[in-house]
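Colleague:
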Amino acid sequence: MRAIALGRLGEEPSVPYESILRSLARGARDRIPDARLAGVEALVARARAEPRERGAIVEALEQLAADDAYLVRRAASAALGELGRPRPPVGAVREAHASVRVYRDVVQRTARPRTVELVTERGTIRLRLACPEAPLTCLNFLQLANQGFYDGLRFHRVVPDFVVQGGDPRGDGWGGPGYAIRDEPSLLRYRRGVLGMARSGPDTGGSQFFITLSAQPHLDGDYAAFGTVVAGDEVLDRIVQGDRIVRLVEVAEP
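For what it's worth, the numbering used here labels the leading residue of the sequence shown as 85, then goes sequentially.
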């Protein structure tokens with residue numbers, strides 16, 4: 085909700101920058117950086133609309149350029165550049181999960197396609213994951229599934245003739261696993277029944293996924309496509325917003 089509010093503030097640059105800073109302060113400890121990313125955009129919009137406040141806004145952006153989240157640091161640094169100020173170094177991504185074990189898992193577990201069953205209140209959908217084409221995305225998805233992360237979550241977004249979307253533990257479209265993964269565009273095209281990684285901006289994917297209900301070529305190359313429905317296609321049309329995921333599990337190849 086804070087991210088949405090800050091996004092609207094960016095669209096209404098007449099709002100004083102103090103209001104933006106108060107909203108940013110309330111979201112400073114959020115594990116998900118979406119609110120702070122929206123705050124950067126709101127501050128830039130305000131600086132352009134009210135040059136007299138630019139000095140204070142630059143100070144706020146300089147603080148955000150030292151944020152713990154790489155995405156926020158990158159956005160704040162770019163914003164300072166847009167305002168004609170020196171761009172602080174963004175620094176490296178702090179990869180808590182980057183270890184030899186992770187890279188070994190990528191090689192061992194994504195050398196061939198994998199299959200999962202998405203059991204819902206409306207029926208079961210079988211998905212074949214395109215692991216060789218999107219190895220990091222598939223490995224992340226498999227690890228969450230095998231941990232039981234998705235079990236009991238709900239489809240929080242269903243748009244007819246577009247997508248069904250789930251995987252948000254908060255249920256409001258802004259939740260995730262507590263970390264983000266890199267974007268991994270693939271050559272898989274978004275026709276009906278393609279599994280994609282949802283995100284709110286560059287490199288913000290985590291646990292939310294969607295399945296297309298019809299061809300969506302405008303998503304091609306923008307959102308990581310990492311699987312296809314191979315059985316239970318008819319179940320997609322029965323899912324409504326609020327339906328529960330009973331379980332999501334990896335299964336042996338038939």
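Ideal Cβ positions, reconstructed from N, Cα and C, are used throughout, including at glycine.
Applying the criterion that 16 or more other CB atoms from any shown protein chain within 10 Å of the CB defines a buried residue, is THR208 buried or exposed?
Modeller: With fewer than 16 Cβ atoms within 10 Å of its Cβ, THR208 is classed as exposed.
Colleague: Where does LEU228 sit, in a helix, a strand or coil, going by DSSP?
Modeller: helix
Colleague: Return the bridge partner residues of ARG279 from the DSSP annotation.
Modeller: Reading off the sequence, residue 279 comes out as Leu, not Arg. Beta-bridge pairing links LEU279 to ILE295, GLY311.
Colleague: Can you say whether LEU211 is buried or exposed, counting buried as having 16 or more other CB atoms within 10 angstroms of its CB?
Modeller: buried
Colleague: For the candidate residues ASP317, THR312, GLU143, whose alpha-carbon lies nearest to that of PRO172?
Modeller: GLU143
Colleague: Let me make sure I understand the geometry here. Which of VAL324, ALA336, VAL156 has the alpha-carbon closest to that of THR204?
Modeller: Nearest option by C-alpha distance: VAL324.
Colleague: Given LEU223, which residues of its chain have a CB within under 7 Å of its CB, disregarding the five upstream and five downstream residues?
Modeller: ASP189, VAL190, ARG193, THR194
Colleague: Between which two residues does the alpha helix (DSSP H) containing VAL203 stretch?
Modeller: That residue, VAL203, is in no alpha helix (DSSP H); its beta strand (DSSP E) goes 198-204.
Colleague: Note down, in chain order, each residue of its chain lying with its Cβ closer than 7 Å to the Cβ of GLY290, except the 5 sequence neighbours on either side.
Modeller: Once the five neighbours on either side are set aside, the close Cβ partners of GLY290 are GLY260, PRO261, TYR263, ALA264, ILE265.
Colleague: Looking at C-alpha atoms only, which residue of ALA299, GLY257, GLN300 is the closest neighbour of ALA282?
Modeller: The shortest Cα separation from ALA282 among ALA299, GLY257, GLN300 belongs to GLY257.
Colleague: Can LEU272 and ALA214 be called in contact, C-beta distance under 8 Å?
Modeller: yes
Colleague: Pull the bridge partners of ARG241 from the DSSP assignment, please.
Modeller: GLN249
Colleague: Please go through the same chain and pick out, in chain order, the residues whose beta-carbon is closer than 7 Å to the beta-carbon of GLY175, but skip the five residues on each side of it.
Modeller: The residues are ARG157.
Colleague: Roughly how many whole angstroms lie between the Cα atoms of ARG206 and ARG138?
Modeller: 54 Å
Colleague: What would DSSP say about MET85, mapped onto helix, strand or coil?
Modeller: For MET85, the predicted model reports a pLDDT of 47, less than 50, meaning its position is unreliable; a value from the coordinates is still stated below. Coil.
Colleague: Measure the alpha-carbon distance for LEU90 versus VAL335 and round it to whole angstroms.
Modeller: Caution is warranted here: a pLDDT of 49 is assigned to LEU90, below 50, making its placement in the model unreliable, and the coordinate value is therefore given only provisionally. Their backbone Cα atoms lie some 42 Å apart in a straight line.
Colleague: For the pair the stretch 237-254 and the stretch 310-330, tell me if three or more CB-CB distances fall below 8 Å.
Modeller: yes
Colleague: Cα separation between ARG344 and GLN300?
Modeller: Residue coverage of the chain in this structure runs from 85 to 338, which leaves residue 344 outside it and unanswerable.
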